[in-house]
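Student: The structure that follows is given in the form of structure tokens.
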Amino acid sequence: MKKILIVEDEFILQMMLEKMVQKMGHQVVSKAKSGAVAIDVVKNESPDLILMDIKIIGDIDGIETIKKIREFSDIPVLYLSGNTDPDTRKRAAETAPMDFIIKPFEYQDLMNAVNRSFEEIG
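See the structure below:
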């Protein structure tokens, strides 16, 4: 069982992601709505994977949050976003994510991406 941090500011999506992660047999170590909270969780809980929405509340978006996390941790990230514009994808790619999942997505898409991530990191 792996520990997963969910960073999503929409409550319904947050709950849906939590149920999906649990269905996969993993533990949701925490749920965050902002980058600042996500950074604190990574420092204190050391999750195995981050599911990161790009547009979140707070001063920094999901990509900037991962850039800050990269300063002290190489925890893998899966971006979840409805933003598919080239600039957003380029910014996201600079943080070396495991995958970029476009919303809306199906359970199978998320499960496949999570499984691939854990296979790659061992």
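For the sequence shown, our numbering assigns the number 11 to the initial residue and increments by one for each residue that follows. By construction, the Cβ of each residue, glycine as well, lies at the ideal position given by its N, Cα and C atoms.
1) Measuring only the C-alpha atoms, how far is M108 from A123?
2) State the Cα-Cα distance for the pair V31 and Q37, rounded to the nearest angstrom.
3) With distances taken Cα to Cα, identify the nearest neighbour of E81 among L120, T105, L61, K113.
4) Helix, strand or coil, according to DSSP, for I112 in the structure here?
5) Look at the alpha carbon of L27 and the alpha carbon of V87, and state the distance between them as a whole number of angstroms.
6) Report the rounded CA-to-CA distance for E130 versus L59, giving the unit in angstroms.
7) Going along the chain, which residues of its own chain have a beta-carbon closer than 7 Å to the beta-carbon of Q24, five neighbours each way excluded?
8) Just to confirm, are I111 and P57 a CB contact at a threshold of 7 Å?
Tutor: Let me spell this out:
1) In the sequence shown, counting from the first residue as 1, residue 108 sits at position 98. In the sequence shown, counting from the first residue as 1, residue 123 sits at position 113. In a straight line, the C-alpha of M108 is about 8 Å away from that of A123.
2) For the purposes of this step, residue 31 is identified with residue 21 of the sequence shown, where counting begins at 1. For the purposes of this step, residue 37 is identified with residue 27 of the sequence shown, where counting begins at 1. Rounded to whole angstroms, V31 to Q37 spans 7 Å at the Cα level.
3) What you label residue 81 is simply residue 71 of the sequence shown in a count that begins at 1. Its Cα nearest to that of E81, the residue T105 stands out among L120, T105, L61, K113.
4) In the sequence shown, the residue the question calls residue 112 occupies position 102. The three-state reading of DSSP puts I112 in strand, counting E and B together.
5) As a working note, residue 27 is residue 17 in the sequence shown. As a working note, residue 87 is residue 77 in the sequence shown. The alpha-carbon atoms of L27 and V87 are separated by roughly 15 Å.
6) Position 120 of the sequence shown, counted from the first residue, corresponds to residue 130. Position 49 of the sequence shown, counted from the first residue, corresponds to residue 59. Per the coordinates, the alpha-carbon of E130 lies some 12 Å from the alpha-carbon of L59.
7) Reading the sequence shown from its first residue, position 14 is the one you call residue 24. If we look at Q24 and ignore the five residues flanking it on each side, its Cβ neighbours are I16, E18, K41.
8) As a working mapping, residue 111 is identified with position 101 in the sequence shown. As a working mapping, residue 57 is identified with position 47 in the sequence shown. No.
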